[in-house]
Amino acid sequence: MTLDLDASIAVTRFGLGARPGEIGRAKTDPRGYLLSQITPKGAAPARPRAPDSSTRLADLRAFQQLRKTARMEGDLKSDPVRMAQMGLREDAEGDFLARARLGAATDAGFAERWANFWANHFTVSAVKEVTAPLVGPFEEEAIRPHVFGRFEDMLVASSQHPAMLLYLDQAQSVGPDSPAAQRAAKNGAHPGLNENLAREIMELHTVGVDAGYSQADVTEFARAMTGWSVGRADHPEEPQGFMFRPFAHEPGARTIMGRRYGEDGEGQARAVLNDLAASPHTARHLAIKIGRHFVSDEPPARLTDGLTRAYLDGGGRLDRVAQALIGAPEAWAPRPTKFKTPYEFLVSSWRAADLLPDDAGPLSRTLAELGQRPFSAPSPKGWPEEAQVWCAPDAVIKRMAWSEAFAAQAVGQRDPTMLAQNALGARLTPGAATAISRAETRPEGLSILLMSPEFQRR
Amino acid sequence: MTQAFFTRRQALAAAAALGVTVELLATNTFGDTLAAKRKFIAIVCRGGLDGLSLSPPVGDPDYAALRGPIAIAPFGAPNGALRLDDTFGLHPSLAKVHALALAGQARIAPAIATPDRERSHFEAQDVLESGAGHVYATTSGWLNRAVETMGPQVKAMSVGPTAPLILRGKIEAASWSPGGMAERDHRLPGILQDLYARDPLLGPALAEGLATQAMAKTAMADAAQTSAAMVSPPPAPPMQTGMSTPYQPPRPGGLDQARKIGATLAGFMVQPGGVQVAAVSIDNFDTHANQGAGEGLLATRLAYVDAFLDGLHVGLGPAWKDSVVVMATEFGRTARVNGTKGTDHGTASTAVVLGGALRPGGIIGDWPTLQQARLFENRDTSPTLDMRGLFKGLLRDHMGVSRAALDTAVFPDSANVASVTGLVA
C-alpha cells in the first residue's frame, strides 16, 4: 500500500500528473523513478528547433521599423506590417503550445515541473511588447539547461539574457558619472540609473527581501550593473543579445551588503552575483520557495532546513537540492495540500486523458479565463502559489465549465473508472470513485474525475 | 440558494427564531435599512501608481524641474493637467473622474502611504491589503474582516479570476470575471456539491460561484443597457486572439471592456440582495521606463481606470449617491524622473476617493510639497497620511463599522492611527 501511494504521489505531486500506466511504472521504486530524471543536461528543451532569442529580437525590431514607416505613411494595416506581426505572434504562440505539449507528453514529469518552477522563479512576463517574443527563448536558453546545475550559472544566464535585461529595464540603465552620460549631457540628454533589475535580483531571485539590505545597497548594485545591456536596433555591429557597454558603466568601487567590490567593468556585477548566489539567505529563500511549490503553502521547517543545508553543502548545486527534496519524508505526506494552478490542472487533465493540446488559441483563452494567461505573470514575482488565490469561486465555476467541454471531446469510448484509476492510483478516494462509477454518461464521469478534490490537488 | 445567499429577510427571521436581536447579529452602528443600501468599492492599483502623474501638482514650483520630460503640462496647455485647485490637477486621461471631482464627487489624498517603507511591491501590497502595521502579519485582508463586522447579510465580491488578498479571509466572498458558465441544464454542479461537502476550500467556493452565476445574468443584462446608453468611447484597437502577443498589451484590454466590467460590477451591486462590498485589482503601473506624460504608457493605463470608473458610475445609477469608491496603490514613485524616462519605487502616492455619498472638499491630508528638503530620503513624496486612516474613516462613516472593530480586528493595533472622518455626507 505504501508503495502504491508513494507511486501516486511521485507522479502527481512531484510530476505533472499521471498518464495511463505511469503510476504502475513508478511502483517498483517511486523515489528512484524521480531521481533518474535528474541529469546534468538539465530539462529537455520544449521547442528545440525554434528560432533563438537573437533571431526573435531581430524580427521584432524589423517589425517595429516596418510599423514606424507605415505609421508615417498612415497605413498601419499594410501587408508587410501585418505579416511581420503575425509571424511574431505565431512564434510566441508556438513556444507556449510546445511547452504545454511537452508537459502533457513527457516521461520526465518531475524534471519538467522543476523547470517550470525555475522559469517562474526567474519570471519574464510577456506584458511588454519587447519581451513577448522572448519568453519562450528565455526559458530554453537561460533556464532549462541549468536546472540541475549550479544556481549561480542560472542566475548569470538569466541576468544576462536579453529578455530579462529588457523586461526589468536594465538594458537602458546608464551610470550617472559614466562617459556615456557625460557625452549625452553635451547633447542635452540625461540618461541615468534604473534600479529595477538590481532590486528584483536581490529581492526575488536571490537573498530575499528580509536579508537586511537597504535602499543604498540596491542603488549600489544598480550602479555595479550599469553597462549590462542589449545591442541596439540601429547598430548592426552590436549583437542582438547581451553586451557589456564599458562607456555606460559607472566607474568606481561599490559597497553592497557590507562587501566592497573594486572596479572591474563587467566583472563587478558578476562578482556581486557570485556572492549573492553563495549567501545563506539565498539558500534559505530558495528552500522555502521550493518547499512551498512542491509540498505545501506553509512548508514544514524540517523540510526547508534540509533543503537549505543541501544547497549550502552542495555549493549551490541544484541537483543536490532536487535529491534532498525527493529524500525528504515531509514531501511524501499522504494528504495533498497543494491546489493546482490552472496550467497544472490543464496539463494533468491532458495527461489523464492521454491527449495533447494542438491549438494555441483555445488553450490561451482557457488559461486567461482561469487567471493564468500564457507567459504573462502579473509581476516579476511570478505566479502565486497559494491555494486561496486559485480557488476563487469564479475560478471553480470556470474549471467546471472547461472540464465538461474537455471531457465531451476527450473521453471517447473509454471507461471513466479506468481513467480515474490510471490518473490517481491509490490517491483516488471512495467518494470520488463512487461518484464516477455512478455517472450517467462517460463525459460526466471524466468531468467528475477532473473536478474531484483529489485531482484538483496534488 | 446557498448559505452565503441568505436574504436579509431570512437572516432576520433566523435571528428572531434564535431569540437574538438584530443589533447583536449586525454590529454596525446604523439602522439596518440605511446600511443595506450603502456600497463600498476598493480598487487596488498594482505596480506602484505614480501619484505625481495621477494627480500632478503642476502648481508646485518644483514639479516641472523634477519631472522633466514626464511632467504633465500645466493647466490649459495641450494635454495639460485637468485643474482641481491652484496646485493640483488630474491626469488628462482622467476626464470622467475630473467631471466627478468638479461635482464634488471625487477627491484626492496626494501624499498617502501604507506603514511599509521598504519599496518592495510585494511587501507593500501585502501591507496595503492585509491592513496590518507590518508585512506578512496576517493572511486575511482588511476588507474581508470589515465585512465580517457588518453582519451576515452583507455580500462581498472581487472582480477577476483570482482572489486578491484584500478580500481573502473568513467571509466567503464571491468572485466574478467576464466569460461565464455554459447555459446548460446539467447534473455536474449538484454532484460536485455533494463531493465537496466536507472540503473546506472547494465546497464554499463552488457554492459561492454558483450563486454568483445566477446574479451575473441580471448584472450583465443591466450592464448591456448601461453600455448602450453611454456615449461610445474612443475606439479600442485590440485584435482577436487568445494569446498574449507582442502587439496588444494583454492586461489592459480596450476601454470598452473596462467600461463594461465597471458596468457589470455595478449590475451586481444594484440588484435586490446584491453585492454591497467589492474589491477590484488593476495591474501594470510599474513604470520604470518611458512612462510618458500626457500620452504614453501610463496615460493608457489611466484611461483604462477612467473608463472602468465611468462604467461603474453610470451603471450604479441612482445607487451612486449611496456609494463610496476608494482607489489606492502600494507605493508612489520617485519624485525625480530616472535615467530611462521613468520612475523607480518610491513612497507616498495619491489615493482617490469617489462616490455620490462624498462631501465636497479639497485635498485629503497635507501636501508636503516637493522642495528638496521635504522629499522622503531625498527621493520620494513624503507621506503625510497613513492609508489605514483613510480606509478607517470611510468604513466608519459610510459602512458603520465600529471604532473598536476598526482599531483592532480590521486594522490590527491601529488605535494610534487616526481615522480621517467627515468625508462622507
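Chains A and B, in that order, give the protein sequences. Numbered according to the working numbering, the first sequence terminates at residue 459, and the numbering increases by one at each position without gaps. Numbered according to the working numbering, the second sequence terminates at residue 430, and the numbering increases by one at each position without gaps. The C-beta atom is built at its ideal place from N, Cα and C for all residues, glycine as well. These numbers come from a predicted model, not from an experiment.
- With 16 or more other CB atoms across the displayed protein chains lying within 10 angstroms of its CB, F313/B is buried.
- Looking at the backbone, the Cα of A116/B and that of P365/B are separated by about 19 Å.
- No Cβ of chain A is located within less than 8 Å of the beta carbon of S354/B.
- For M203/A, the closest C-alpha among the options I398/A, E74/A and S280/A is that of S280/A.
- Within the region 297-374 of chain A, the complete alpha helix (DSSP H) runs of at least 4 residues fall at 302-314, 319-328, 343-354 and 361-370.
- Listed as beta-bridge partners of C50/B by DSSP are I287/B and T334/B.
- Interface with chain B (8 Å Cβ-Cβ cutoff): Q389/A is included.
- Assignment of G110/A by DSSP, reduced to helix, strand and coil, places it in the helix class.
- Contacts with chain B (Cβ-Cβ distance below 8 Å) from the region 147-181 of chain A involve L169, D170, Q173, S174, V175 and P177, listed in chain order.
- Within the same chain, Cβ atoms closer than 6 Å to the Cβ of V125/A are found at T132, V136, F139, A164, M165 and Y168, the five residues on either side in sequence being excluded.
- Against chain A, a Cβ distance below 9 Å from G214/B picks out A393, P394, D395, A396, V397, I398, K399 and M401.
- Within the DSSP bridge table, the entry for I369/B names no partner.
- For Q262/B, the closest Cβ of chain A is not nearer than 8 Å.
- Positions of the beta strand (DSSP E) runs, each at least 3 residues long and wholly inside the region 211-289 of chain A, are given as 229-231, 243-245, 255-257 and 260-262 in order along the chain.
- Taking C-beta atoms as the reference points, R124/B and H350/B count as a pair closer than 8 Å.
- Secondary structure note for I437/A: its alpha helix (DSSP H) is the uninterrupted segment P431 to S438.
- Considering only R415/A, R458/A, R459/A and Q457/A, the residue with the shortest C-alpha distance to S438/A is R415/A.
- Relative to the Cα of D355/A, the nearest Cα in the group A19/A, D92/A and I10/A belongs to A19/A.
- Per DSSP, the continuous alpha helix (DSSP H) segment holding S55/A begins and ends at S54 to M73.
- Counting only residues of its own chain and dropping the five nearest sequence neighbours on each side, S159/A has a CB closer than 6 Å to the CB of F123, A143 and M165.
- At a cut-off of 8 Å, the C-beta of K382/A has a neighbouring C-beta in chain B.
- Beta-bridge partners assigned by DSSP to L87/B: L95/B.
- With its beta carbon at least 8 Å from every one in chain B, P431/A lies outside the interface.
- The Cβ-Cβ distance between L194/A and K382/A does not fall below 8 Å.
- Put simply, the backbone Cα of E387/A is about 9 Å away from that of T342/A.
- In this structure, the straight-line span from the alpha carbon of S448/A to that of Q110/B is close to 49 Å.
- In the DSSP annotation of this structure, W325/B is not part of any beta strand (DSSP E), being labelled neither H nor E.
- Between G394/B and V425/B the beta-carbon gap is near 5 Å, inside 8 Å, which marks them as a contact.
- A362/B sits away from D315/B, with the two beta carbons spaced by 8 Å or more.
- For the pair of segments examined, the region 395-409 of chain A was found to touch the region 440-457 of chain A: the number of CB pairs separated by less than 8 Å reaches three.
- Pairwise C-beta distances place the region 377-394 of chain B in contact with the region 326-342 of chain B, as three or more of them are shorter than 8 Å.
- Taking a Cβ-Cβ threshold of 7 Å, the residues of chain B close to M452/A are L197, in chain order.
- For L77/A, no beta strand (DSSP E) encloses it, and the DSSP letter there is neither H nor E.
- The beta-bridge partner set that DSSP reports for H122/A is empty.
- With fewer than 16 other beta carbons inside 10 angstroms of its own, R184/A counts as exposed.
- Judged by their CB atoms, S55/A and P237/A are not nearer to each other than the 8 Å cut-off.
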